[in-house]
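Peer 1:
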Amino acid sequence: MQKKFAKKNLYVTPDKKHYKLGGYMVIGINSFLLDSGERYCLIVNKENGQPLYYSNLYLTTQIRNRGYSISTIESIAVNIALFYRFLNERNISIEDDFLEHKYLSNEDIDRLAIFMSQKFLLKKKQNKKQYASKYTLSRRLSNIAGYLFWLASILIKSHNQTNLALKMVNAIKARRPRNNQKFNNWEEDEECINELAINRIMELIDPNSKENPYLPYVRERNQLLIIMLYELGIRCGELLNVRISDIDFRKNRLRIERRADEKSDPRIKQPLVKTLDRTLPLSKYLIGKLYNYIFNRRSLAMGKSDYLFVSCKPGSNQGNPLSISGYHKVISQLAMSDPLLKGLKGHQFRHTWNYNFSKLMDSQNPKISEREQEIMREYLMGWKRGSGTAAVYNKRFIKEKANEASVKLQEQLNVNRRNKYDTKSNT
Numbered sequence: 000m001q002k003k004f005a006k007k008n009l010y011v012t013p014d015k016k017h018y019k020l021g022g023y024m025v026i027g028i029n030s031f032l033l034d035s036g037e038r039y040c041l042i043v044n045k046e047n048g049q050p051l052y053y054s055n056l057y058l059t060t061q062i063r064n065r066g067y068s069i070s071t072i073e074s075i076a077v078n079i080a081l082f083y084r085f086l087n088e089r090n091i092s093i094e095d096d097f098l099e100h101k102y103l104s105n106e107d108i109d110r111l112a113i114f115m116s117q118k119f120l121l122k123k124k125q126n127k128k129q130y131a132s133k134y135t136l137s138r139r140l141s142n143i144a145g146y147l148f149w150l151a152s153i154l155i156k157s158h159n160q161t162n163l164a165l166k167m168v169n170a171i172k173a174r175r176p177r178n179n180q181k182f183n184n185w186e187e188d189e190e191c192i193n194e195l196a197i198n199r200i201m202e203l204i205d206p207n208s209k210e211n212p213y214l215p216y217v218r219e220r221n222q223l224l225i226i227m228l229y230e231l232g233i234r235c236g237e238l239l240n241v242r243i244s245d246i247d248f249r250k251n252r253l254r255i256e257r258r259a260d261e262k263s264d265p266r267i268k269q270p271l272v273k274t275l276d277r278t279l280p281l282s283k284y285l286i287g288k289l290y291n292y293i294f295n296r297r298s299l300a301m302g303k304s305d306y307l308f309v310s311c312k313p314g315s316n317q318g319n320p321l322s323i324s325g326y327h328k329v330i331s332q333l334a335m336s337d338p339l340l341k342g343l344k345g346h347q348f349r350h351t352w353n354y355n356f357s358k359l360m361d362s363q364n365p366k367i368s369e370r371e372q373e374i375m376r377e378y379l380m381g382w383k384r385g386s387g388t389a390a391v392y393n394k395r396f397i398k399e400k401a402n403e404a405s406v407k408l409q410e411q412l413n414v415n416r417r418n419k420y421d422t423k424s425n426t
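Just so you know, we're using numbering that gives the first Met the number 0 here: the sequence shown kicks off at 0 and counts up by one.
(1) Compare the Cα-Cα distances from Pro50 to each of Val25, Ala144 and Leu321 and report the closest residue.
(2) Measuring CA to CA, which of Gly387, Arg254, Leu154 and Ile323 is closest to Phe97?
(3) So Leu58 and Ile72 are supposed to be a Cβ contact under 8 Å. How far apart are they, rounded?
(4) Where does Cys431 sit, in a helix, a strand or coil, going by DSSP?
(5) Suppose you measure from the CA of Arg254 to the CA of Met360; what does that come to, to the nearest Å?
(6) Enumerated in chain order, which unbroken segments of the beta strand (DSSP E) with a length of 3 residues or greater are wholly contained in the segment 212–279?
(7) Between the Cα of Ala390 and those of Leu32, Glu369 and Glu194, spot the shortest distance and give me the residue it belongs to.
(8) Tell me the residue span of the alpha helix (DSSP H) that contains Ile113.
(9) Starting from the Cα of Phe282, find the closest Cα among Met227, Asn316, Met335 and Ser315 and give me that residue.
(10) What is the DSSP secondary structure of Gly381, reduced to helix, strand or coil?
(11) Sorted by chain position, which residues of the same chain lie with C-beta nearer than 8 Å to Asp276's C-beta, five sequence neighbours on each side aside?
(12) So does the segment 257–266 actually touch the segment 317–324, counting three or more Cβ pairs closer than 8 Å?
(13) Out of curiosity, what's the CA-to-CA distance linking Asn198 and Asn29?
(14) Helix, strand or coil, according to DSSP, for Ile62 in the structure here?
(15) When burial is assigned at 16 or more other CB atoms within 10 Å of the CB, is Gln372 buried or exposed?
(16) What's the gap between the Cα of Pro176 and the Cα of Met115?
(17) Between which residues of its own chain and His158 is the CB-CB distance below 8 Å, once the five residues before and five after are set aside?
(18) Ile323 by DSSP, collapsed to three states: which one?
(19) Output yes or no for whether 7 Å exceeds the beta carbon distance between Asn162 and Val329.
(20) At which residue ranges does the segment 339–411 contain complete alpha helix (DSSP H) runs of 4 or more residues, listed in the order of the chain?
(21) Mapping the DSSP letters down to three states, classify Asn29 as helix, strand or coil.
(22) Taking 7 Å as the threshold (C-beta atoms), are Leu289 and Glu230 in contact?
(23) Cutting at 6 Å between CB atoms, please list the residues of its own chain near Thr278, excluding the five before and the five after it.
(24) CB Glu403 to CB Asp260, shorter than 7 Å?
(25) Identify whether Ile293 lies in helix, strand or coil by the three-state DSSP scheme.
(26) Tell me the residue span of the alpha helix (DSSP H) that contains Ile153.
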């Protein structure tokens with residue numbers, strides 16, 4: 000089966016993209032596209048290009064063959080690559096050590112936990128150490144522990160020695176931080192975009208605005224992209240997977256579909272739809288914007304594909320589906336165009352949609368039951384029934400309602416206390 004390797008600037012490698020921290024790492028990962036349409040990756044020695052035998056055997060037999068998505072496979076691969084970087088810096092050969100019945104000491108494991116707690120940044124220089132979240136550290140250590148447990152089962156045959164290896168694995172798991180859930184903090188920075196910032200965004204993305212941060216030939220495309228994020232609350236992967244054929248102009252509907260390992264998608268880093276298939280209604284305004292973009296502006300981009308959002312930049316890539324990095328560039332250019340939008344992320348539009356949906360539901364008369372609201376939200380967002388995901392995206396609205404209830408309760412208690420005091424005074 001033929002492999003189509005990513006271009007150099009598309010490699011998902013710790014020393015090229017996310018994981019540079021004071022020097023170059025020997026071990027990295029390369030992503031590629033198979034003829035079948037499957038996206039895959041290998042952990043390789045970057046000095047000679049050779050794949051690492053055991054780590055890739057683990058990825059294939061224990062991760063890929065169990066049906067995990069490429070994003071999960073790459074995440075685990077990166078964590079294993081970071082683990083090998085840790086070993087290389089300390090001149091440890093974990094395979095040779097296992098064969099000689101040698102295991103990581105408690106001191107080694109402590110150093111491993113400290114190493115994995117760092118946030119590996121794109122920048123070459125860091126003025127000070129930055130640290131990953133508890134959730135990220137927990138996932139890294141869990142991935143490493145899982146790999147070492149499997150590796151020990153392959154290389155170690157003695158029952159007694161297997162118990163010692165298991166003790167080492169459990170020691171690594173014990174270093175995982177407590178309270179490591181991804182969304183367990185009510186005091187995290189607000190994910191929603193406030194109304195003032197939304198108004199500013201709409202002003203900036205107007206194609207005729209003198210403050211528009213985009214080049215003229217991508218202004219209408221980028222405006223439509225932002226409006227769809229805001230009005231539909233869809234994810235990046237869903238947006239970049241939309242095809243023109245998914246749009247029903249007669250019924251004003253948009254079909255969201257999962258297309259993992261799509262053969263016709265030339266993107267090595269394929270945007271993935273993580274939600275359920277569904278059909279979304281479109282407002283007259285949005286369907287009009289889609290019509291004008293498709294039949295007036297998009298045709299200028301040399302329609303090589305049926306994808307809605309394509310590269311408009313003149314050159315060989317013109318007309319190809321917009322890449323994930325291209326999407327993030329659209330958002331980052333907008334974020335840098337006004338101090339009010341500093342730190343803006345595309346996924347915040349999804350949180351904002353959920354906040355607006357909650358406000359709309361709260362204003363309905365007659366009232367819509369909580370259960371009905373949950374079912375409606377789950378469908379529109381593509382979540383499984385009863386998944387509980389709504390609470391993650393509805394955090395701001397829940398906090399506001401809780402605060403309102405708390406203030407009302409305090410006021411009522413104050414009234415009761417004053418009434419009780421006045422009654423005693425009168426007697």
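The beta-carbon is built from N, C-alpha and C at its ideal position, and this holds for glycine as well.
Peer 2: Taking the coordinates as given:
(1) Numbered from its first residue, the sequence shown carries residue 50 at position 51. Among Val25, Ala144 and Leu321, the Cα nearest to that of Pro50 belongs to Val25.
(2) The residue labelled residue 97 in the question sits at position 98 within the sequence shown. Nearest C-alpha to Phe97: Leu154.
(3) Position 59 of the sequence shown, counted from the start, is the residue given in the question as residue 58. Position 73 of the sequence shown, counted from the start, is the residue given in the question as residue 72. About 6 Å; that satisfies the 8 Å criterion.
(4) What is shown of the chain runs 0 to 426, which leaves residue 431 out entirely.
(5) Here residue 254 is taken as the residue at index 255 of the sequence shown, counted from 1. Here residue 360 is taken as the residue at index 361 of the sequence shown, counted from 1. Cα-Cα distance, rounded: 24 Å.
(6) 252–255
(7) As a working mapping, residue 390 is identified with position 391 in the sequence shown. That would be Glu369, whose Cα lies nearest to the Cα of Ala390.
(8) Position 114 of the sequence shown, counted from the start, is the residue given in the question as residue 113. For Ile113, the enclosing alpha helix (DSSP H) stretches over residues Asn105 to Met115.
(9) Taking the first residue of the sequence shown as position 1, residue 282 is located at position 283. A quick correction: the sequence has Ser, not Phe, at residue 282. Nearest C-alpha to Ser282: Met227.
(10) Within the sequence shown, numbered from 1, the residue matching residue 381 stands at position 382. Three-state result, Gly381: coil.
(11) Within the sequence shown, numbered from 1, the residue matching residue 276 stands at position 277. Cβ neighbours of Asp276 within its own chain (closer than 8 Å, five residues either side excluded): Arg254, Ile255, Glu256, Arg257 and Gly381.
(12) yes
(13) Here the question's residue 198 lines up with position 199 in the sequence shown. Here the question's residue 29 lines up with position 30 in the sequence shown. Cα to Cα, Asn198 sits roughly 42 Å from Asn29.
(14) Position 63 of the sequence shown, counted from the first residue, corresponds to residue 62. Note: Ile62 maps to helix in three-state DSSP.
(15) Residue 372 sits at position 373 when you count from the first residue of the sequence shown. Buried.
(16) For this step, residue 176 is matched to residue 177 along the sequence shown. For this step, residue 115 is matched to residue 116 along the sequence shown. Spanning the two alpha carbons is a distance of roughly 12 Å.
(17) Here residue 158 refers to the residue found at position 159 when the sequence shown is read from its first residue. Here the set comprises nothing.
(18) As a first step, residue 323 is located in the sequence shown; it is residue number 324 there, counting from the start. If DSSP states are grouped into helix, strand and coil, Ile323 belongs with the helices.
(19) If you number the sequence shown from 1, residue 162 lands on position 163. If you number the sequence shown from 1, residue 329 lands on position 330. No, the Cβ-Cβ distance between Asn162 and Val329 is not below 7 Å.
(20) 347–361, 369–380 and 388–392
(21) Against the sequence shown, residue 29 aligns to sequence position 30. Three-state result, Asn29: strand.
(22) As a working mapping, residue 230 is identified with position 231 in the sequence shown. As a working mapping, residue 289 is identified with position 290 in the sequence shown. Using a Cβ distance threshold of 7 Å, Glu230 and Leu289 do not count as a contacting pair.
(23) Mapped onto the sequence shown, residue 278 falls at position 279. These residues qualify, in order along the chain: Arg252 and Arg254.
(24) As a position in the sequence shown, residue 403 is number 404, starting the count at 1. As a position in the sequence shown, residue 260 is number 261, starting the count at 1. For Glu403 and Asp260, no; Cβs fall outside 7 Å.
(25) The residue you call residue 293 lines up with position 294 of the sequence shown. Of the three classes helix, strand and coil, the one that applies to Ile293 here is helix, per DSSP.
(26) As a working note, residue 153 is residue 154 in the sequence shown. Lys133 to Leu154 is the span of the alpha helix (DSSP H), which, as asked, contains Ile153.
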